[in-house]
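The listed protein sequences derive, respectively, from chains U and Y.
Just so we're aligned, residue 15 is where the first sequence starts under the numbering used here, counting upward by one.
Just so we're aligned, residue -17 is where the second sequence starts under the numbering used here, counting upward by one.
All C-beta atoms in this analysis are idealised placements derived from N, C-alpha and C, irrespective of residue type, glycine included.
What follows is a set of notes on a single structure, which appears directly below.
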Amino acid sequence: QQQVKQSPQSLIVQKGGISIINCAYENTAFDYFPWYQQFPGKGPALLIAIRPDVSEKKEGRFTISFNKSAKQFSLHIMDSQPGDSATYFCAASMRGGANNLFFGTGTRLTVIP
Amino acid sequence: DGGITQSPKYLFRKEGQNVTLSCEQNLNHDAMYWYRQDPGQGLRLIYYSQIVNDFQKGDIAEGYSVSREKKESFPLTVTSAQKNPTAFYLCASNYRGQDYGYTFGSGTRLTVV
């Protein structure tokens, strides 16, 4: 059973456009929601993360929007650049447990010039 | 610089052979994790260890084994019982009980020949 559902599987965006990736979860015990960026042949790297006590977090061109009542969160990439082309994973974890991250299935983003 | 080192980067295994993937970290992290990555399936947890000399099965532990004799090292053995071992293997670590996000290694690509 997939704890975190991610969509779309792939996304093509024009340079300068906005890329939006969505994730949904069921377990209300989750209290930490990171996003990871992975380039081909490399390990994922933490991009940005949010806790449920805020509805939005912005770091540069990357913004997480969080809707606690809907149990959804999304990554917005403003002014998308070809260098943003990568696979993006959302994830969720809960404190007090085994501290494991539950990952979404990933979104392959391609930004075309 | 602190980080996680996985070796080798590429590994080829013959049918019926056991192979061991290395993961070493110098971040002083307590917890370490092994993930398997297949196209379209995201990251699946194989094994994790919160402290030395202790480890737990993840979602897909069958056909794999691990050890945690030192805090810095968490090797993964892919045994002959793993019928479909061709995948990209990722090691990660973090501080136990903290959800600051995982640090990932650069991965090992295992291919059965």
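Rounded to the nearest whole angstrom, the CA to CA distance from R109/U to R78/Y is 10 Å. In terms of Cα proximity to R65/U, the closest of S24/U, F44/U, L123/U and I32/U is F44/U. In this structure the segment 67 to 77 of chain Y lies against the segment -4 to 16 of chain Y, because at least three pairs of beta carbons, one per stretch, are closer than 8 Å. The Cβ of N36/U sits no closer than 8 Å to any Cβ of chain Y.
The shortest CA-to-CA distance from T121/U to any of N41/U, G55/U and I34/U is the one to I34/U. At least 8 Å separates the beta-carbon of Q51/U from that of A106/U. A straight line joining the alpha-carbon of Q16/U with that of F86/Y spans about 21 Å. Close partners of T124/U in chain Y (Cβ separation under 8 Å) are lacking, with about 15 Å as the shortest Cβ gap.
Residue contact check for Q7/Y against chain U: no CB pair falls below 8 Å. For P96/U, the three-state secondary structure derived from DSSP is helix.
For F(-6)/Y, no Cβ of chain U is located within less than 8 Å of the residue's own Cβ. Neighbours of P58/U across chain Y, judged by C-beta separation under 7 Å: F86. Taking a C-beta cut-off of 8 Å against chain U, the contacting residues of the segment 28 to 43 of chain Y are Y30, Q32, Q38 and G40, listed in chain order.
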